[in-house]
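**Student:**
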Amino acid sequence: MTVEFSPASESQITRAIVGEFAKEFENYVETEVIIVGGGPSGLMAGKELASKSVKVLIIERNNYLGGGFWLGGFLMNKLTVRSPAESILDELGVPYKEYSEVKGLYIADAPQACAKLIAATCDAGAKILNMTSLDDVVLHDEKVSGVVVNWTAVSALPREIACVDPVSLESKVVIDATGHDASAVKKLEERGLLKRKGQGAMWVEKSENLVVEHTSEFYPGLIVTGMAVSAAYGLPRMGPTFGAMLMSGKKAGEVAIEKLRV
Ligand code: 48H
Numbered sequence: 102m103t104v105e106f107s108p109a110s111e112s113q114i115t116r117a118i119v120g121e122f123a124k125e126f127e128n129y130v131e132t133e134v135i136i137v138g139g140g141p142s143g144l145m146a147g148k149e150l151a152s153k154s155v156k157v158l159i160i161e162r163n164n165y166l167g168g169g170f171w172l173g174g175f176l177m178n179k180l181t182v183r184s185p186a187e188s189i190l191d192e193l194g195v196p197y198k199e200y201s202e203v204k205g206l207y208i209a210d211a212p213q214a215c216a217k218l219i220a221a222t223c224d225a226g227a228k229i230l231n232m233t234s235l236d237d238v239v240l241h242d243e244k245v246s247g248v249v250v251n252w253t254a255v256s257a258l259p260r261e262i263a264c265v266d267p268v269s270l271e272s273k274v275v276i277d278a279t280g281h282d283a284s285a286v287k288k289l290e291e292r293g294l295l296k297r298k299g300q301g302a303m304w305v306e307k308s309e310n311l312v313v314e315h316t317s318e319f320y321p322g323l324i325v326t327g328m329a330v331s332a333a334y335g336l337p338r339m340g341p342t343f344g345a346m347l348m349s350g351k352k353a354g355e356v357a358i359e360k361l362r363v
């Protein structure tokens with residue numbers, strides 16, 4: 102097979118990347134919602150918001166999206182959700198089956214589920230900044246009004262050459278979807294503005310309902326979702342099952358939309 106690719110020079114390819122990135126970045130320096138963390142809860146929140154035409158940017162410190170959603174648990178790539186969260190797998194078009202031993206416990210292939218969630222979030226129109234880490238929050242009149250970010254690579258530099266100042270991005274609402282770390286919440290705690298209760302011990306029967314129930318504005322301008330909810334409110338953990346992450350992300354999107362309407 103012979104293939105003739107259309108002509109383009111090296112410099113034209115570089116210009117295409119730099120030009121498009123800079124244009125998009127400039128456009129999202131001020132946005133409606135910033136989501137920190139591109140795991141299952143953050144992606145789901147991004148999908149929910151973008152599908153309702155909200156201008157939303159997801160900031161992810163890794164070069165890949167998906168967080169813990171690529172693996173079901175214990176390095177095994179089968180993931181589980183409990184009813185009623187299979188409705189979200191339906192929404193995403195993820196094939197799954199009911200586990201033969203337990204009614205209402207569903208299993209899917211994690212790579213397929215994660216890829217479908219990422220695709221759905223991008224298709225809905227959410228924009229992504231990869232390799233970008235939360236450095237701080239923007240705080241105006243006791244309200245979170247954006248984030249301070251830096252390239253993730255900067256934190257890997259030796260201290261003596263790491264004088265790279267971060268930049269700020271403004272938004273009406275910030276969603277902390279950074280998982281167990283609850284990184285944005287932590288920034289407020291460091292200033293004595295609130296206290297994280299810290300994630301509780303494992304109790305799957307209780308935890309998933311509680312995480313979805315507590316998905317809310319934890320501090321003016323800052324909504325928590327996913328495992329950041331457990332860390333903020335001191336709720337039990339659920340281990341390797343993802344229904345609450347997906348449903349909490351969807352709810353965080355809904356809570357943000359309500360806030361934007363006020
Ligand atoms: C930019 C950041 C920063 C930062 C982190 O860990 P995640 O998958 O989080 P959730 O809450 O969507 O899902 C949690 C789930 O994966 C899990 O761990 C469960 C269900 N555990 C239960 C249990 O009992 O243990 O994704 C968080 C994302 C990741 O992609 C991080 O790289 C990213 O946030 N992130 N991005 N700046 N400071 N901190």
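Going by the numbering used here, the residue at position 170 of the sequence shown is 271; the numbering climbs one at a time, nothing skipped. Heads up, the beta-carbon is just placed ideally off N, CA and C, and yes, glycines get one too. This one's a predicted model, so the numbers in the text were calculated from it and none came from an experiment.
1. Should residue 137 be counted as a contact of the ligand 48H given a C-beta to heavy atom distance under 7 Å?
2. For the ligand 48H, is there a heavy atom less than 7 Å away from the beta-carbon of residue 126?
3. Skipping 5 residues on each side, what residues in its chain have a beta carbon closer than 6 Å to that of residue 284?
4. Compute the Euclidean distance between the alpha carbons of residue 102 and residue 299, then round it to the nearest angstrom.
5. Are there any heavy atoms of the ligand 48H lying less than 7 Å away from the beta-carbon of residue 212, as far as the coordinates show?
6. Can you pull the DSSP bridge partners for residue 85?
7. Please confirm whether any heavy atom of the ligand 48H lies closer than 7 Å to the CB of residue 161.
8. Taking only the alpha-carbon atoms, compute the straight-line gap between residue 247 and residue 202 and give it to the nearest angstrom.
9. Which of the three DSSP states is assigned to residue 238 in this structure?
10. In the DSSP assignment, what are the bridge partners of residue 198?
11. Comparing the CB of residue 294 with every heavy atom of the ligand 48H, is any distance shorter than 7 Å?
12. Mind the definition here: the region 281-297 touches the region 331-350 only if three or more C-beta pairs lie below 8 Å; say whether that holds.
13. Quick check: is any heavy atom of the ligand 48H less than 7 Å from the C-beta of residue 222?
14. Contact between the region 216-225 and the region 142-158 is defined here as three or more beta-carbon pairs at a separation below 8 Å; is this criterion met?
15. Hey, which unbroken runs of the alpha helix (DSSP H) at 4 residues or more fall wholly within the region 233-301?
16. Evaluate the contact criterion for the region 121-132 versus the region 255-271: three or more CB pairs, one atom per stretch, below 8 Å.
17. Tell me which same chain residues have a C-beta within less than 7 Å of the C-beta of residue 54, skipping the five on either side of it?
18. Leaving out five residues on either side along the sequence, give the residues of the same chain with a beta carbon under 8 Å from the beta carbon of residue 237.
19. Whole angstroms is fine: what's the gap from residue 136's alpha carbon to residue 143's?
20. Say the cut is 7 Å; is the CB of residue 235 nearer than that to a heavy atom of the ligand 48H?
21. For the beta strand (DSSP E) holding residue 356, just list the boundary residues, first then last.
**Tutor:** Looking at the coordinates:
1. yes
2. no
3. 235
4. 59 Å
5. no
6. The chain is shown only over 102 to 363; residue 85 falls outside these bounds and no answer can be derived.
7. yes
8. 46 Å
9. When secondary structure is reduced to three states using DSSP, residue 238 falls in the strand class.
10. 208
11. no
12. Touching, yes.
13. no
14. yes
15. 284-291
16. Contact annotation: the region 121-132 touches the region 255-271, with at least three C-beta pairs closer than 8 Å.
17. With the chain covering only 102 through 363, there is no way to say anything about residue 54.
18. Excluding positions up to five away in sequence, the list reads 248, 249, 267 and 288.
19. 6 Å
20. yes
21. Note, residue 356: premise wrong, no beta strand (DSSP E); alpha helix (DSSP H) at 344-362.
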